[in-house]
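Asks: Residue numbers (full-length UniProt numbering): 1 to 396.
C-beta: ideal position from N, C-alpha, C; glycine also.
Below: one structure in structure tokens.
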């Protein structure tokens, strides 16, 4: 029995040597072997074998125990990578290897608010167009008109601070009516954006494809001795620039600490996502696309009379979904449920109101500051106009 979570876990395995007898084992593969042993009405005797968990292509000495007949089968999260020196049980579980990244929400800031108001230019264009058309109509009707005055009144009406100039013709009345409708629409648009900005939490940056992950600009944390597990040229170039870490768990920790990326097996991802969740929200998400799909199989002695029956039983267990259920139980039903719930909450909360969607005066403080500034400017202009009028009276 080799070791790899959640297939098999052996306490104090560091103290064991190859082929040492072990009785304290827990894990997915051990439960399957018990089912198969019961089916064959056989006694299950287990021995420890060393296999480097993070690089299964190394440390192949344990296969000698199968070839020389010391072991009938070997389990513990193994793969079909040992050629024809052994027989294989057939696929009983598959896992994805995928990119995992830190999910960081964008903080509320004035820069983010401005980016939400990206369509406000439409109202600016309408405001300038209105001012030009008003001046043209007034000139056509022989009325005295000032472009600056028109711009001031038009802007005031757009932001709800002043009224429009008094219309004297039907053309001007119709133009003012259309402009007032657009001003109301502008107020509604800005109000909705403010409400959304203050109450709806934006989603974090998400990556669906491996290409999007590798072009994100984030640092990948990969174990140097095992990161070149595929020959894809694009991935290899990206892995060359990755930062080093000592183990998969250390890579995962650095991903959280430094807003980075790493590659994880599906089983390890559930644990990582569940334990790192904050306030029932996931702090790590996975790319939708798998980097690789691995298929786990047990090894069987080539000349064993149980090969055909072993493969038949394993196939039935896999097709019936029993191996999938045991796999989930080995990870922990509560762990998988918590990971899925945290992932769902992270996405759902990105589009729902928080704290009753209430908007406080403190949240709207910036608007009041802008309003006070506008009032101060208006008062200053009023004082200047009074001063200029008195100067003209004295000159007369």
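Hey, quick one: how far does the alpha helix (DSSP H) through residue 65 stretch, first residue to last?
Replies: Here the question's residue 65 lines up with position 65 in the chain shown. Note, residue 65: alpha helix (DSSP H), 63-67.
Asks: Report the rounded CA-to-CA distance for residue 271 versus residue 330, giving the unit in angstroms.
Replies: Along the chain shown, one-based indexing puts residue 271 at 271. Along the chain shown, one-based indexing puts residue 330 at 330. A straight line joining the alpha-carbon of residue 271 with that of residue 330 spans about 11 Å.
Asks: To the nearest angstrom, how far is the alpha carbon of residue 227 from that of residue 38?
Replies: Mapped onto the chain shown, residue 227 falls at position 227. Mapped onto the chain shown, residue 38 falls at position 38. Near 40 Å, if we compare the C-alpha coordinates of residue 38 and residue 227.
Asks: Would the region 145-165 and the region 203-217 be scored as touching if the rule is three or more Cβ pairs under 8 Å?
Replies: As far as the Cβ criterion goes, the region 145-165 does not touch the region 203-217, which means the pair count is below three.
Asks: What runs of the beta strand (DSSP E), each 3 residues or longer, lie entirely inside the region 253-325?
Replies: 261-265, 284-286 and 292-296
Asks: Can you say whether residue 33 is buried or exposed, counting buried as having 16 or more other CB atoms within 10 angstroms of its CB?
Replies: By 1-based counting over the chain shown, the position of residue 33 is 33. Burial call: buried.
Asks: Buried or exposed for residue 45, please, with buried defined as at least 16 other CB atoms from any protein chain shown within 10 angstroms of its CB.
Replies: One-based indexing of the chain shown puts residue 45 at position 45. Exposed: under 16 other Cβ atoms inside 10 Å.
Asks: Let me check understanding here. Comparing Cα to Cα, which of 168, 124 and 113 lies closest to residue 139?
Replies: Reading the chain shown from its first residue, position 139 is the one you call residue 139. The shortest Cα separation from residue 139 among 168, 124 and 113 belongs to 168.
Asks: Taking residue 100 as part of the beta strand (DSSP E), name the residues at either end of that continuous run.
Replies: Along the chain shown, read from residue 1 onward, the residue named residue 100 stands at position 100. Residue 100 -> beta strand (DSSP E) spans 93-102.
Asks: With burial defined as no fewer than 16 other Cβ atoms inside 10 Å of the residue's Cβ, what is the status of residue 319: buried or exposed?
Replies: The count along the chain shown starts at 1 and reaches residue 319 at position 319. That one is exposed.
Asks: Which value, in whole angstroms, describes the spacing of the CA atoms of residue 234 and residue 40?
Replies: Counted from its first residue, the chain shown places residue 234 at position 234. Counted from its first residue, the chain shown places residue 40 at position 40. Going from the Cα of residue 234 to the Cα of residue 40 covers about 48 Å.
Asks: Tell me whether residue 131 sits in a helix, a strand or coil according to DSSP, three-state version.
Replies: Position 131 of the chain shown, counting from 1, holds the residue named residue 131. Here residue 131 sits in helix by DSSP.
Asks: How long is the line joining the alpha carbons of residue 195 and residue 141, rounded to whole angstroms?
Replies: As a first step, residue 195 is located in the chain shown; it is residue number 195 there, counting from the start. As a first step, residue 141 is located in the chain shown; it is residue number 141 there, counting from the start. Going from the Cα of residue 195 to the Cα of residue 141 covers about 44 Å.
Asks: Check residue 166 in the structure and name its three-state DSSP category.
Replies: Start at 1 with the first residue of the chain shown, and residue 166 comes out as number 166. Correct three-state label for residue 166: coil.
Asks: Leaving out five residues before and five after residue 358 in sequence, what residues of the same chain have Cβ atoms less than 6 Å from its Cβ?
Replies: In the chain shown, the residue the question calls residue 358 occupies position 358. Its pLDDT being 48, under 50, residue 358 is placed unreliably in this model, and the coordinates cannot settle the point.
Asks: Give the range of the beta strand (DSSP E) segment to which residue 244 is assigned.
Replies: Position 244 of the chain shown holds residue 244. Looking at the DSSP string, the run of the beta strand (DSSP E) that includes residue 244 is 243-245.
Asks: What residue from 274, 317 and 187 has the CA that sits closest to residue 117's CA?
Replies: Within the chain shown, the letter at position 117 stands for residue 117. For the residues 274, 317 and 187, the minimum Cα distance to residue 117 belongs to 187.
Asks: Quick one: any contact between the region 122-134 and the region 174-189, if contact means 3 or more CB pairs under 8 Å?
Replies: yes
Asks: Let me confirm a value: residue 164 is counted as buried when at least 16 other C-beta atoms fall within 10 Å, else exposed. Which label applies?
Replies: Position 164 of the chain shown, counting from 1, holds the residue named residue 164. Counting C-beta atoms within 10 angstroms of its own C-beta, residue 164 has 16 or more neighbours from the protein chains shown and is therefore classed as buried.
Asks: Between the C-alpha atoms of residue 295 and residue 6, what's the straight-line distance to the nearest angstrom?
Replies: Position 295 of the chain shown, counted from the first residue, corresponds to residue 295. Position 6 of the chain shown, counted from the first residue, corresponds to residue 6. One C-alpha to the other measures close to 14 Å.
Asks: In terms of residues, what are the limits of the alpha helix (DSSP H) holding residue 235?
Replies: Residue mapping note: residue 235 aligns to position 235 of the chain shown, counting from 1. Its alpha helix (DSSP H) spans residues 233-240.
Asks: Going by the DSSP bridge assignment, what does residue 74 pair with across the sheet?
Replies: Along the chain shown, read from residue 1 onward, the residue named residue 74 stands at position 74. Its beta-bridge partners are 299.
Asks: Can you tell me where the alpha helix (DSSP H) with residue 34 in it begins and where it stops?
Replies: Here residue 34 refers to the residue found at position 34 when the chain shown is read from its first residue. Note, residue 34: alpha helix (DSSP H), 28-40.
Asks: Between residue 28 and the rest of its own chain, which residues show a CB-CB distance below 7 Å, the 5 nearest in sequence each way excluded?
Replies: The residue given as residue 28 occupies position 28 in the chain shown. Only 6, 7, 326, 327 and 330 meet the Cβ criterion.
Asks: At the level of alpha carbons, what is the spacing between residue 90 and residue 78?
Replies: Numbered from its first residue, the chain shown carries residue 90 at position 90. Numbered from its first residue, the chain shown carries residue 78 at position 78. For residue 90 and residue 78, the distance between alpha carbons rounds to 11 Å.
Asks: Using C-beta distances below 6 Å, list every residue in its chain close to residue 314, excluding the 5 sequence neighbours before and after it, in chain order.
Replies: As a working note, residue 314 is residue 314 in the chain shown. For residue 314, where only same-chain residues beyond five positions count, the Cβ hits under 6 Å are 89, 90 and 92.
Asks: Would you identify the three-state DSSP class for residue 10, choosing helix, strand or coil?
Replies: Translated into the one-based positions of the chain shown, residue 10 becomes position 10. Correct three-state label for residue 10: coil.
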